[in-house]
Structures are given as C-alpha cells and as structure tokens.
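Colleague:
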Amino acid sequence: MREIKFRGKNLNTKEWVYGDLLQWNDGETAIGVHGQFIDDGYHFNENYDKTPYVDETTVGQFTGLKDKNGKEIYEGDLIKAPSGRIYAVIFSTWKYEEKREFLKVIDIYEHTGWCISLDGVNPCELLDSEVCQGSIIGSVYDNPELLKGGNDDHT
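Following the UniProt record's numbering from start to finish, the sequence shown increments by one per residue and tops out at 155.
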C-alpha cells in the first residue's frame, strides 16, 4: 500500500511543504507533518497554530512512484522521459480505443488514476514505469514554460 501524503506551496515562504492535507470549511488549506498537530488521531494539540497554510492551487498528492533518481513523484511534477519528452503528472480519467482488426472490434477503455499529459491538462496515457525512468525537472507551478514548445520535436 502506498503512503498517502501531499505537498503544497507555503503561502508565506513560497517553499514546498510536505505531509498531511488539512482543509477547513472557510477555504483555508494547510499541510502538516503527520503526528505534529494531532496527538490521538482526533484532537489538535498546541502545534496546530504552527501548521503552514498553503496555496490550494498548488496542492498535489504523492503518486507512490519515484523517478530514476529516487525522488518522489507528485501530482503537478514535470518529468523528462528517456525519450526526451516532458510530461506533467496529473490525476485524471484517460480514455483510449484499441482496434482489433481481425475481429472488427473496437474496445474503448477508460481509466481513472495517475496520468501523464503534454499540456498539463489533457491526459495522453497512464503514468508508467518508462516515464518513471526519467527525471523530475520541475513542476507545472514553478516551471510552466517547460510544457510549451519542447515536446513537438519528439513525436
């Protein structure tokens, strides 16, 4: 079973923080270290006020996978695959067709899960081990320019 954890950019320092995701009814979002702010699993302790608030638009979940350098892959990461293509990691539903000419059948598949995307929005295939053999080179939040233009040469 994979570890469930998140990351987000601290609103004050603009640094990435990692840990458990907290979302309140007033729209505030924070990320804290597991066990840092909850003692018994239910009640906040004195460290509650030290939990950093994060920009909700930058929150991404850990995929459970690592790149070739052993770095954890999160939603929103940009990965340069061995092919040279740059992909964004997204959580989405991916649909594809598989034609079986000899049976005259077209199977339509739909998967919801970790996908890769050339534009950061539209999934093009599932996140797989070939892509994980690449390196994380940034994120869609810190380096959006990396998704523009560089993928056309590697079809």
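Note that CB positions come from ideal geometry on N, CA and C, so glycine has one too.
All values reported here derive from a predicted model rather than from experimental measurement.
Hey, residue 17 and residue 7: beta-carbon distance below 8 angstroms or not?
Modeller: Yes, Cβ-Cβ distance for residue 17 and residue 7 is below 8 angstroms.
Colleague: Under the rule that 16 or more other beta-carbon atoms within 10 Å means buried, what is residue 122, buried or exposed?
Modeller: Result: exposed.
Colleague: Throw me the rounded Cβ distance for the residue 93 and residue 63 pair, which I believe falls under 8 angstroms.
Modeller: 16 angstroms between Cβ atoms; not a contact.
Colleague: Taking the straight line between their C-alpha atoms, what separation do you get for residue 4 and residue 20?
Modeller: Rounded to the nearest angstrom, the two C-alpha atoms are 8 angstroms apart.
Colleague: With DSSP as the reference, label residue 131 as helix, strand or coil.
Modeller: Residue 131 falls in the helix class under three-state DSSP.
Colleague: Report yes if the CB atom of residue 26 is closer than 8 angstroms to the CB atom of residue 132, and no otherwise.
Modeller: Cβ atoms of residue 26 and residue 132: not closer than 8 angstroms.
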